[in-house]
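Here's the structure we're looking at; comments come further down.
2 protein chains.
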Amino acid sequence: MKLEKVTKMPETPSVRSYDDACGAAHALDLVGERWALLVIRELMFGPKRFSDLRSDLPGVSANVLTQRLEKLREIGVLTRRKLPPPAASQVYELTPWGYEIEPVFSVLGRWAARSPLHDPTLPLSAASLMLSFKTMFDPDRANSLETRVGFRIGEETFLVRIEGGKCDAARAALDGAEVIFTGAAQVIAAAVYGGVPLETLEADGALSVAGDHALAEKFVTYFPLPPKVGG
Amino acid sequence: MKLEKVTKMPETPSVRSYDDACGAAHALDLVGERWALLVIRELMFGPKRFSDLRSDLPGVSANVLTQRLEKLREIGVLTRRKLPPPAASQVYELTPWGYEIEPVFSVLGRWAARSPLHDPTLPLSAASLMLSFKTMFDPDRANSLETRVGFRIGEETFLVRIEGGKCDAARAALDGAEVIFTGAAQVIAAAVYGGVPLETLEADGALSVAGDHALAEKFVTYFPLPPKVGG
DNA sequence: CGGCATCCGGGAAGATACTG
DNA sequence: CAGTATCTTCCCGGATGCCG
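So the sequence lines, in the order shown, correspond to chains U and W. Okay, so the first sequence: first residue is 1 according to my numbering, each after it adds one. Okay, so the second sequence: first residue is 232 according to my numbering, each after it adds one.
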């Protein structure tokens with residue numbers, strides 16, 4: 001049995017680095033590979049299982065997801081944890097430093113929203129929608145209103161708190177929500193960013209609004225998209 | 232002359248998009264390819280020629296640079312312009328929207344600077360150094376000092392203005408600078424971020440400081456790096 | 001179900017050489 | 001100087017299969 005192919009000798013484990021002291025360049029070395037940032041985005045509101053990530057990131061293949069999770073774990077962005085029995089499955093969770101990447105999504109999102117090529121009607125994950133609320137919230141529109149708005153998207157529930165001119169979102173029970181939206185993230189985005197009237201979506205059965213309906217009508221106006229370039 | 236290879240039928244022009252309404256995902260569709268963000272970084276302080284970009288981005292190959300510039304031009308991030316004679320060469324320049332991406336470098340840089348794997352002693356472009364000043368400036372350290380510090384890095388000169396608790400940097404003539412650093416960006420980074428004494432670098436002949444030397448000593452302390460994770 | 005290993009096809013990235 | 005052209009290498013994405 002002799003070596004039949006001496007094609008490669010991976011002494012250098014293909015570390016395709018930018019070799020650049022610039023912080024942004026190093027960030028790209030860390031999370032610049034395809035899908036890496038979106039994996040982190042999906043974990044911004046708490047731990048998820050491998051399968052959750054796969055279904056929330058349609059398009060990523062299992063092996064690529066495995067590679068990204070492994071690298072992100074190695075560099076300290078996330079950890080793998082085994083849930084206590086009976087649900088003895090594994091989950092991936094961001095480290096404190098991993099959570100600190102959140103402003104990247106805000107500035108990237110704000111910048112790209114001005115692109116003429118941006119299509120806000122494409123599919124959207126629940127995490128993306130919640131991040132978009134934190135990114136696009138306009139305190140002037142909310143005019144010092146303080147409230148809690150609940151969302152039921154698939155299996156998950158989120159609570160969006162508007163208070164003190166800030167807008168925060170978190171995975172949480174819906175206790176104390178003055179109004180609750182139930183529907184797909186893409187449908188809620190159509191109401192908030194697409195200007196589709198709530199009643200239209202409710203008539204379609206795509207969305208259900210429970211509680212303070214007048215508040216719901218106001219809420220969807222609090223997140224203006226920036227003007228497109230050249231517009 | 233017949234077709235010798237009917238290998239591919241690029242009906243789908245390899246639009247490897249994330250198909251995701253999330254703004255950050257769209258940003259990655261726009262500038263998520265390898266080298267794209269670094270090309271933009273090099274243009275943050277004004278137009279450059281193709282060859283300038285090549286030499287400021289060691290590691291990018293000519294064909295990849297061509298592809299990136301072409302795509303960035305198509306999507307409206309930059310334009311190609313022909314300089315008036317006699318220097319009738321072409322330059323690439325960011326559009327107003329292109330310049331708006333700057334906060335991305337700040338948040339990426341700030342986040343990645345906390346990585347244990349970040350090596351601030353690697354090579355550095357002049358644009359990266361100037362961006363790092365805007366990113367890492369600490370108004371408390373400057374303590375309401377107002378000054379102008381000049382830099383001569385290769386063929387370029389930059390003026391860093393500290394005033395009103397802000398730190399701005401621009402490609403400009405060095406008129407009015409109270410002190411002028413002359414040397415490679417990497418050397419200046421060693422002084423500012425590596426804690427290497429100015430006199431050491433000057434003794435090596437790697438750096439020259441002209442003007443208010445006491446101000447230079449203070450200046451290099453105004454840009455503290457964030458603590459590494461787990462440190 | 002959850003995760004990893006492997007193979008394969010296509011395409012993007014990297015290196016080099018060459019042209020206007 | 002400003003890019004092409006070509007070739008090789010490697011990464012991405014899909015499919016399959018193994019193993020707990």
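By construction, the Cβ of each residue, glycine as well, lies at the ideal position given by its N, Cα and C atoms.
Alpha-carbon to alpha-carbon, residue j and residue i
{"i": "serine 55/U", "j": "aspartate 212/U", "result": "32 Å"}
{"i": "proline 289/W", "j": "cysteine 398/W", "result": "28 Å"}
{"i": "threonine 66/U", "j": "tyrosine 92/U", "result": "11 Å"}
{"i": "leucine 309/W", "j": "lysine 228/U", "result": "16 Å"}
{"i": "methionine 9/U", "j": "tryptophan 97/U", "result": "Low per-residue confidence applies at methionine 9/U: pLDDT is 37, beneath 50, and the placement is therefore not dependable, though the value from the model is reported in the following sentence. Rounded to whole angstroms, methionine 9/U to tryptophan 97/U spans 35 Å at the Cα level."}
{"i": "threonine 121/U", "j": "glutamine 186/U", "result": "7 Å"}
{"i": "valine 423/W", "j": "alanine 447/W", "result": "10 Å"}
{"i": "aspartate 250/W", "j": "aspartate 119/U", "result": "9 Å"}
{"i": "serine 144/U", "j": "glycine 462/W", "result": "39 Å"}
{"i": "isoleucine 75/U", "j": "valine 427/W", "result": "28 Å"}
{"i": "threonine 431/W", "j": "alanine 400/W", "result": "26 Å"}
{"i": "leucine 429/W", "j": "leucine 438/W", "result": "8 Å"}
{"i": "alanine 258/W", "j": "serine 248/W", "result": "11 Å"}
{"i": "leucine 94/U", "j": "alanine 62/U", "result": "19 Å"}
{"i": "alanine 203/U", "j": "alanine 184/U", "result": "15 Å"}
{"i": "threonine 147/U", "j": "alanine 172/U", "result": "15 Å"}
{"i": "proline 354/W", "j": "arginine 81/U", "result": "37 Å"}
{"i": "glycine 221/W", "j": "alanine 318/W", "result": "Residue 221/W lies beyond the stretch modelled for chain W, which goes from 232 to 462, so this question has no answer here."}
{"i": "serine 337/W", "j": "glycine 205/U", "result": "43 Å"}
{"i": "tyrosine 203/W", "j": "glutamate 163/U", "result": "Residue 203/W is absent from the structure shown; chain W starts at 232 and stops at 462."}
{"i": "serine 51/U", "j": "serine 282/W", "result": "47 Å"}
Test item: CB-CB of residue i and residue j under 9 Å
{"i": "valine 233/U", "j": "leucine 69/U", "result": "Past the boundaries of the shown model lies residue 233/U; chain U is included only from 1 to 231, so the question cannot be answered."}
{"i": "leucine 131/U", "j": "alanine 255/W", "result": "yes"}
{"i": "valine 335/W", "j": "valine 220/U", "result": "no"}
{"i": "arginine 110/U", "j": "proline 224/U", "result": "no"}
{"i": "lysine 134/U", "j": "glutamate 102/U", "result": "yes"}
{"i": "valine 60/U", "j": "leucine 53/U", "result": "yes"}
{"i": "proline 139/U", "j": "glycine 176/U", "result": "no"}
{"i": "serine 89/U", "j": "arginine 34/U", "result": "no"}
{"i": "tyrosine 222/U", "j": "phenylalanine 137/U", "result": "yes"}
Residue i: contacting residues in chain W (beta-carbon distance under 9 Å)
{"i": "arginine 171/U", "result": "What arginine 171/U touches in chain W: nothing, since even the nearest Cβ is about 17 Å away."}
{"i": "alanine 189/U", "result": "Ala252"}
{"i": "threonine 135/U", "result": "Gly254, Ala255"}
Among the options, the one whose alpha carbon lies nearest that of residue i
{"i": "serine 115/U", "options": "Tyr453/W, Gly461/W, Cys253/W", "result": "Cys253/W"}
{"i": "lysine 218/U", "options": "Arg141/U, Ala189/U, Ala170/U, Phe181/U", "result": "Arg141/U"}
{"i": "glutamate 273/W", "options": "Arg341/W, Gly426/W, Ser359/W", "result": "Ser359/W"}
{"i": "arginine 392/W", "options": "Glu409/W, Gly461/W, Glu386/W", "result": "Glu409/W"}
{"i": "serine 356/W", "options": "Ala319/W, Ala420/W, Ile306/W", "result": "Ala420/W"}
{"i": "phenylalanine 181/U", "options": "Ala214/U, Asp138/U, Lys228/U", "result": "Ala214/U"}
{"i": "valine 149/U", "options": "Val209/U, His118/U, Ala203/U", "result": "Val209/U"}
{"i": "glutamate 156/U", "options": "Tyr193/U, Phe45/U, Arg16/U", "result": "Phe45/U"}
{"i": "proline 278/W", "options": "Val291/W, Leu314/W, Ala415/W", "result": "Leu314/W"}
{"i": "leucine 174/U", "options": "Ala184/U, Arg152/U, Gly164/U", "result": "Arg152/U"}
{"i": "leucine 339/W", "options": "Ala203/U, Tyr222/U, Asp29/U", "result": "Asp29/U"}
{"i": "glycine 194/U", "options": "Ala113/U, Ser106/U, Ser51/U", "result": "Ala113/U"}
Residue i (DSSP reduced to helix, strand or coil)
{"i": "aspartate 56/U", "result": "helix"}
{"i": "arginine 379/W", "result": "strand"}
{"i": "valine 460/W", "result": "coil"}
{"i": "lysine 236/W", "result": "Because lysine 236/W carries a pLDDT of 34, less than 50, the predicted location of this residue cannot be relied on, and no value is offered for it."}
{"i": "phenylalanine 450/W", "result": "helix"}
{"i": "valine 160/U", "result": "strand"}
{"i": "glutamate 93/U", "result": "strand"}
{"i": "alanine 373/W", "result": "helix"}
{"i": "arginine 80/U", "result": "strand"}
{"i": "leucine 69/U", "result": "helix"}
{"i": "glycine 329/W", "result": "helix"}
{"i": "alanine 445/W", "result": "helix"}
{"i": "serine 17/U", "result": "coil"}
{"i": "glycine 340/W", "result": "helix"}
{"i": "leucine 129/U", "result": "helix"}
Residues that residue i contacts on chain W, provided the C-beta gap is smaller than 8 Å
{"i": "tyrosine 18/U", "result": "Leu269, Gly290"}
{"i": "serine 132/U", "result": "Cys253, Gly254"}
Contacts of residue i in chain W (Cβ-Cβ under 7 Å)
{"i": "aspartate 119/U", "result": "Ala252"}
{"i": "valine 107/U", "result": "Pro334, Val335, Val338"}
{"i": "glycine 195/U", "result": "Result: empty, since nearest Cβ-Cβ is about 14 Å, beyond 7 Å."}
8 Å Cβ cut-off: residues of chain U touching residue i
{"i": "leucine 261/W", "result": "Ala112, Ser115, Leu117"}
Listed by chain order, chain U residues near residue i by CB distance under 9 Å
{"i": "arginine 272/W", "result": "Cys22, Ala24, Ala25"}
{"i": "proline 354/W", "result": "Asp19, Asp20, Ala21"}
{"i": "glutamate 324/W", "result": "Going along chain U, no residue has its Cβ under 9 Å from glutamate 324/W, so there is no contact; the nearest lies around 15 Å."}
{"i": "serine 359/W", "result": "Asp20, Ala21, Cys22, Gly23, Ala24, Ala25"}
Amino acids of chain U, ordered along the chain, whose beta-carbon sits closer than 7 Å to that of residue i
{"i": "glutamate 387/W", "result": "Within 7 Å Cβ-Cβ: nothing; glutamate 387/W doesn't reach chain U, min ~16 Å."}
{"i": "valine 460/W", "result": "Gly76, Trp97"}
{"i": "glutamate 331/W", "result": "Trp111"}
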